[in-house]
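Novice: Sequential numbering from 124 applies to the sequence shown in the working numbering.
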Amino acid sequence: MALAWCYRPARLALLRKPPKAPTLLAPGFVVIKETDTFTGPSEEVGDIEIKDSGLTLSCDYETVIARATKEAQKLGANVLKIYEHRLPDNWSTCHRIKAKALRVADLAPYEKEIIWNPARRLTRADFKASTDSRPFEAATSSYLRYHYAGRLFQGKVQFVVETVFDCQNSYFKGKQDPERTLAHEQGHFDISELFACRFVKAIQEQVADIKELKQKQEAIYHQVSIEAQAMQDKYDSEVYADRSQQPAWLATITQELNGMQVYANKEITLKIK
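1) Considering only residues of the same chain and omitting the five flanking positions on each side of A191, which have a CB-CB separation below 7 angstroms?
2) Do R321 and Q369 have their beta-carbon atoms positioned less than 8 angstroms apart in this structure?
3) Count Cβ pairs between the stretch 283-295 and the stretch 328-346 that sit closer than 8 angstroms; are there 3 or more?
4) What is the C-beta distance between L230 and A200, in whole angstroms, given that I count them as a contact (C-beta under 8 angstroms)?
5) Return the bridge partner residues of N240 from the DSSP annotation.
6) Cα separation between T263 and Q299?
7) For D289, which residues does DSSP report across the bridge?
8) Rounded to whole angstroms, what is the Cα-Cα separation between V362 and D356?
9) Which full runs of the alpha helix (DSSP H) of 4+ residues lie inside the stretch 307-349, going along the chain?
10) Please name the residue or residues paired with H208 in a DSSP beta bridge.
11) For L210, does the count of other Cβ atoms within 10 angstroms reach 16, so buried, or fall short, so exposed?
12) What whole-angstrom Cβ distance do F288 and E236 have, given they're in contact under 8 angstroms?
13) Alpha carbon to alpha carbon, how far is Q196 from E285?
14) Run through DSSP, which three-state label would S265 get?
15) With a Cβ-Cβ cutoff of 8 angstroms, do F312 and W372 count as a contact?
16) What are the uninterrupted segments assigned as beta strand (DSSP E) that are 3 or more residues long and contained completely in the stretch 151-208, given in chain order?
17) Does T186 pass the burial test, meaning 16 or more other C-beta atoms within 10 Å, or should it be called exposed?
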């Protein structure tokens, strides 16, 4: 069962001398915010600091986290533990962070979200919401998240989309054929990824620059979300009516995803003007 497909709004960050295009979190990586508690056993592999270079017009939080994540991964870390976060102020327009790059043996207890990746399939441990008074065997909560960061001197921005599994709002009872149920929920997550790719395709085909993106993004997203929810609902209704339909459905989802490989990185370049 899939909960309502939703999105997190975009933000625009125009940078005079920006970092490289925003990096999606790789499978098996966790960011622990400065307000969160982290007490698990870990190996410290380095220190990370992202600060204002003096040439930046603005540094949004997502871009700063992406830069820090990439640096931590180069050190072999799979956890970024932020211990200081300075907001933009009179001295700087940037978000600035200090963090520890850590390595842990088991990430599962700390993951709050999972970015879709073909090599990272869902497990029962990923469903962390309570099952009390829940009507179904399982439910997957996923959403589309996108942002775009600009390179002012090049006159263009990178539009980046992620498909996110929300661990804390997804539940799994596992009382009736748990392997089949898990495969079914993975199918819902894969459908979300399929329509994230279709969203990128629609943006690429219908939008030429940031001005048009601001004008058209909500309408494009709305249409894609309607189509996504229709497919999620059809998947549930047909499989619930006849469980033998699930393998054919999963094969169809995989085939359609394969047909969208040109959009698989979910990143396109748009002109600023």
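Every residue, glycine too, gets a C-beta built ideally from N, C-alpha and C.
Specialist: By the coordinates alone:
1) I171, I173, L203, I220, A222
2) no
3) no
4) No, L230 and A200 are not in contact; Cβ-Cβ is about 11 angstroms, not under 8 angstroms.
5) R243
6) 16 angstroms
7) E236
8) 10 angstroms
9) none
10) I220
11) exposed
12) 6 angstroms
13) 19 angstroms
14) strand
15) no
16) 153-155, 166-173
17) buried
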